[in-house]
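Chemist: Before anything else, here's the structure in question.
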Amino acid sequence: MDYTNKKLHIIYGDGTFGVNGQDFQYIFSYERGGLESLKVHGKEWLYRVPTPTFWRATTDNDRGSGFNLKAAQWLGADIFTKCTDIHLKVDEHDFPELPIAPFNNKFSNHEYASSAQISFTYQTLTIPATNAKIIYNIDDVGHIKVTMHYYGKKGLSPLPVIGIRLIMPTAATGFDYEGLSGETYPDRMAGAKEGRFHIDGLPVTKYLVPQENGMHMQTKKLVINREATQNNSDQTNEKFSLSILQDKKPFNFSCLPYTAEELENATHIEELPLVRRTVLVIAGAVRGIGGIDSWGSDVESAYHINPELDHEFSFILN
Amino acid sequence: MKANIKWLDDPEVFRINQLPAHSDHPFYKDYREWQNHSSSFKQSLNGAWQFHFSKDPQSRPIDFYKRSFDSSSFDTIPVPSEIELNGYAQNQYTNILYPWESKIYRKPAYTLGRGIKNGDFSQGKDNTVGSYLKHFDLNPALAGHDIHIQFEGVERAMYVYLNGHFIGYAEDSFTPSEFDLTPYIQAKDNILAVEVFKHSTASWLEDQDMFRFSGIFRSVELLALPRTHLMDLDIKPTVVNDYHDGVFNAKLHFMGKTSGNVHVLVEDIDGKTLLNKKLPLKSTVEIENETFANVHLWDNHDPYLYQLIIEVHDQDGKLVELIPYQFGFRKIEITKDHVVLLNGKRLIINGVNRHEWDAKRGRSITLADMKQDIATFKHNNINAVRTCHYPNQIPWYYLCDQNGIYMMAENNLESHGTWQKLGQVEATSNVPGSIPEWREVVVDRARSNYETFKNHTAILFWSLGNESYAGSNIAAMNKFYKDHDSSRLTHYEGVFHAPEFKKEISDLESCMYLPPKEAEEYLQNPKKPLVECEYMHDMGNSDGGMGSYIKLIDKYPQYMGGFIWDFIDQALFVHDPVSGQDVLRYGGDFDDRHSDYEFSGDGLMFADRTPKPAMQEVRYYYGLHK
């Protein structure tokens, strides 16, 4: 029988789309507009649905050059996310509408597939507005390829960053990555060495005023390690990990205990909240940090992110 | 002479009874003392002093220097340290605007057609006063000798008294001030009184972008003079014959008895003697044009130093004073194509600006801080330092000699608050400018810097100061260096704003924060070698785009490179009762207003001396032209 070769167990829920396999369980929420649960080997990896991210905590150079004033509407677009469209495809079948009740009454608990694709379109709260689409492609062994496509539009403000933010329920004990040494940006990575690096905990670079920090450019692989969960029935406290692999091209990431907004709010590092979660930003486009001066000079133009052009990037959750 | 508090208001009074500046050579009784780096001619007065703080001159204890004064109510304070960091006065960080901004209306004396304003500082309600007392006995080894006292650094104006007698007055916070105590010194039970004012007219000249402190923040020492004492050593090693041979000249100025002999030796690292001369003592002994064939040149890669040894013998042949000094042979010059050469090769500056800073001690830094900074320089391919914007502690110059760090030795001068007004050049009340009454005070700063440090091989550039605009007084400083020193170049950026003085001021075209494109425009038709005396502003997460500057080095031989702004964040450790942690605080965190807040943190290093992530980039780019 055909379905025996298909490894993904699909649940057409009343409010969600469920994908289950040997050691994983994914829940895509129609209400929340994204991946609500990424459960691997019994461990939950998501605190809230991943969203596009467009803001970075203002650097001293950004403040000096007035970049934060020019880019300010991206802050709102970063905090508040408006999902306007969800599209589902299972194997070769394109659903013209989401399979919620009563449409899902025809399904059973024995629905199987070899692949599934679900995409979420987000309209940015900017003037003019534009769209960003996050597409999850799940293969038959449960690997998720995540692609984000940003649609450029004329007249938009300059962009601090284009990425996806994944917030994890507890703080990581550390992470390992294959890429460049140290904290790097497009205009500050010539001195970095390629290699494999282990980072203990979730260090925040201790700039006097908390600001954008911790970016790692051109990464091939990232493994995030945690021990604690929020699951009251799970007291194991043993290390468990999630891998992020490059797709076509290396990716850029920061792995911190804070969102850009939390960093933005603090004037000293000791004002930052207690460390309790992991904030992973996978960035497709990273703006340079500049350095000519801190009172007017912009980042060199080669390291700007052009908001009027399309940008796309992808990575694989393993 | 009686001390007069009105000196604080008068820019023409800046040193009273202060001995002339002289070279910083050490002197010992014998070879064993040299071996131990401990001279029996010196007695440190560092340690606990009695101290009284007054919020203004009116409330100070005027008679505190008298022997009859009852000081039992005084506190104690460590010397050296900053008064503010002992909790007596408020920390304040301000960049351009003077610390009294919007509290007191002040304009510099003799500007705007006005003269001196009596009481401007001597009755200034912001002019805090530290009254310091030190009781001491002379070490037995010092007894019977003439005794000098040397203050290595005191911010910002001080009156010195010994045993009830006025000794002298000094300004210029960052160069040594030396006085003769001989007429009033006793073997036992001396009372030294030092009255330190936070402000005087010198404050107009010391508007450096930094935390504004006051107090005796560097070492204090008693110096006993042997019967014959080398007061000043002036060595002039030069390089000749296509960089092969060295010529050694020296002038030795003695004080005290001039009977006996002086024995001058120069040895190389292997102990081989290159010069061995015995000359009769005179007030000035000269060594003239001694040629050393095939000298080993000094540079960053190979900071080779020769050992000079001066033995002073009395008429019976007994050693009375031993002066060791290390020096190198190196030649700096500008070609007719405006390229700077060191020892015949193009000089490239992979530099940093360095404030003296310690997150617990302010500018009262330690030798351990200095050694750590040198190690950081070596590790990250930093080959040059600008002593922004004042002379540093003496040991730093020796460390730079020994480690091949090229120095831009800057005078204690920054007056940007008198001409940079909300980002615009507005120089109507600029000092020193061309105002006659402000001339001697700045030329004296050039003289003190030169005379103190003239023997340091590492110094390649004398920098006239920072951001002080330009006029005939800064031209006079340039002239002072040109009249006294043909072996180094002069540097001054501020003439950028007064180009009519470019012929008289600065051998280098110096810019700060000039974007790479504009630097390139200048380099297409340069009139002088170009240096960025400040660039790559490392405030917070920065140092992006450094490669655009480094490319100019390959493209234009007239581009010398530059000095990154700057080496270390200025922030202070404070215990935070809310988090229970020791944390770093910056401008404005002490309720200090006006403040320029986090602008105090522009370092490649965090204030706790750990490197910022940008350092790997600096190490890479500075390694390309080592």
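Chains A and B supply the protein sequences, listed in that same order. At position 147 of the first sequence the residue is numbered 147 (the UniProt record's numbering), and the sequence of numbers has no breaks. At position 110 of the second sequence the residue is numbered 110 (the UniProt record's numbering), and the sequence of numbers has no breaks. Note that CB positions come from ideal geometry on N, CA and C, so glycine has one too. This one's a predicted model, so the numbers in the text were calculated from it and none came from an experiment.
#1: Give the DSSP-derived three-state secondary structure of glycine 64 of chain A in the structure shown.
#2: With three or more C-beta pairs closer than 8 Å as the rule, is the segment 558-575 of chain B touching the segment 8-23 of chain B?
#3: In whole angstroms, what is the alpha-carbon distance linking isoleucine 553 of chain B and aspartate 146 of chain B?
#4: Counting only the same chain and skipping the five closest in sequence on each side, list residues whose C-beta sits under 8 Å from that of alanine 519 of chain B.
#5: Select from B/Ser219, B/Phe248 and B/Tyr586 the residue whose C-alpha is nearest the C-alpha of serine 487 of chain B.
#6: Measuring only between beta-carbons, confirm whether histidine 625 of chain B sits less than 9 Å from chain A.
#7: Going straight from the alpha carbon of alanine 170 of chain B to that of leucine 180 of chain A, what length do you get?
#8: Mind pulling the chain C residues with CB within less than 7 Å of serine 548 of chain B?
#9: If you drop the 5 nearest sequence neighbours on each side, which residues of the same chain put their C-beta closer than 6 Å to that of tyrosine 3 of chain A?
#10: Is the Cβ of lysine 612 of chain B closer than 9 Å to any Cβ of chain A?
#11: Excluding the 5 residues flanking glycine 256 of chain B on each side, which residues of the same chain have their C-beta closer than 8 Å to its C-beta?
#12: Give the range of the alpha helix (DSSP H) segment to which histidine 484 of chain B is assigned.
#13: With residue 319 of chain A as the anchor, note down where its beta strand (DSSP E) starts and where it stops.
#14: Do the segment 144-160 of chain A and the segment 585-604 of chain B meet, that is, are 3 or more Cβ pairs less than 8 Å apart?
#15: Using Cβ-Cβ distances below 7 Å, what residues of the segment 203-235 of chain A are close to chain B?
#16: Using the Cα positions of phenylalanine 67 of chain A and proline 99 of chain A, report the straight-line distance between them to the nearest angstrom.
#17: Just how far apart, CA to CA, sit threonine 376 of chain B and aspartate 62 of chain A?
#18: Apply the 10 Å Cβ neighbour rule to methionine 1 of chain A and answer buried if 16 or more other Cβ atoms are within range, or exposed otherwise.
#19: Could you tell me which uninterrupted beta strand (DSSP E) segments, each at least 3 residues in length, are contained entirely in the segment 5-86 of chain A, listed from first to last along the chain?
#20: What are the start and end residues of each continuous beta strand (DSSP E) run of 3 or more residues lying completely inside the segment 487-569 of chain B, in chain order?
#21: Looking at the C-beta of histidine 537 of chain B, does it have a partner C-beta in chain A at a distance below 9 Å?
#22: Less than 6 Å between C-beta atoms, sequence neighbours within five positions excluded: which residues of the same chain meet that for leucine 133 of chain B?
#23: Report all residues from its chain with a CB closer than 8 Å to the CB of aspartate 591 of chain B; omit the five preceding and five following residues, and keep chain order.
#24: Let me make sure I understand the geometry here. Which of B/Glu84, B/Ala202 and B/Asn190 has the alpha-carbon closest to that of serine 415 of chain B?
#25: Give the DSSP-derived three-state secondary structure of tryptophan 34 of chain B in the structure shown.
#26: For the 8 Å Cβ check, are there 3 or more pairs between the segment 425-433 of chain B and the segment 448-458 of chain B?
#27: According to the Cβ coordinates, are glycine 545 of chain B and glycine 288 of chain A closer than 9 Å?
#28: Take proline 210 of chain A as the anchor and find which of A/Gln246, A/Arg188, A/Thr267 and A/Leu159 has the nearest alpha-carbon.
#29: So tyrosine 398 of chain B is in the alpha helix (DSSP H); what residue range does that whole segment cover?
#30: Mind pulling the chain A residues with CB within less than 8 Å of valine 583 of chain B?
#31: Taking Cβ positions, are lysine 173 of chain A and lysine 239 of chain A nearer each other than 9 Å?
#32: The alpha helix (DSSP H) with glycine 623 of chain B in it runs from where to where?
#33: Smallest Cα separation from serine 29 of chain A: which of A/Asp14, A/Val40 and A/Lys39?
#34: List the residues of chain B that aspartate 183 of chain A touches, going by C-beta distances under 7 Å, in chain order.
#35: At a Cβ cut of 8 Å, what residues of the segment 59-86 of chain A count as close to chain B, listed as they run along the chain?
Modeler: Judging by the given coordinates:
#1: helix
#2: no
#3: 54 Å
#4: Cys511, Leu530, Glu532, Tyr549, Leu552 and Tyr559
#5: B/Phe248
#6: no
#7: 54 Å
#8: Of the chains in the structure shown, none is chain C; the protein chains are A and B.
#9: Below a pLDDT of 50, predicted positions are generally treated as unreliable, and tyrosine 3 of chain A, at 46, falls in that range; the measurement from the model is reported next regardless. Within the same chain, tyrosine 3 of chain A has close Cβ partners Tyr112.
#10: yes
#11: Asp146, Leu225, Pro226, Arg227, Thr228 and His229
#12: 472-484
#13: Chain A is shown from 1 up to 318; residue 319 of chain A falls before or after that span and cannot be answered.
#14: no
#15: Thr205, Lys206, Tyr207, Leu208, Val209, Gln211, Glu212 and Asn213
#16: 44 Å
#17: 28 Å
#18: Here the model assigns methionine 1 of chain A a pLDDT of 39, short of 50, so the residue's position is not dependable, and the following value carries that caveat. Exposed, by the Cβ-count rule.
#19: 8-12, 16-20, 24-29, 34-40 and 51-53
#20: 489-491, 509-512, 530-535 and 559-564
#21: yes
#22: Gln50, Ser71 and Ala193
#23: Gln90
#24: B/Ala202
#25: helix
#26: no
#27: yes
#28: A/Thr267
#29: 394-403
#30: His268, Ile269 and Glu270
#31: Strictly speaking, residue 173 of chain A in this sequence is threonine, with lysine absent from that position. Yes. Within cutoff.
#32: 615-624
#33: A/Asp14
#34: According to the sequence shown, residue 183 of chain A is glutamate rather than aspartate. Going along chain B in sequence order, the residues near glutamate 183 of chain A (Cβ under 7 Å) are Pro613.
#35: Thr59, Asp60, Asn61 and Gly64
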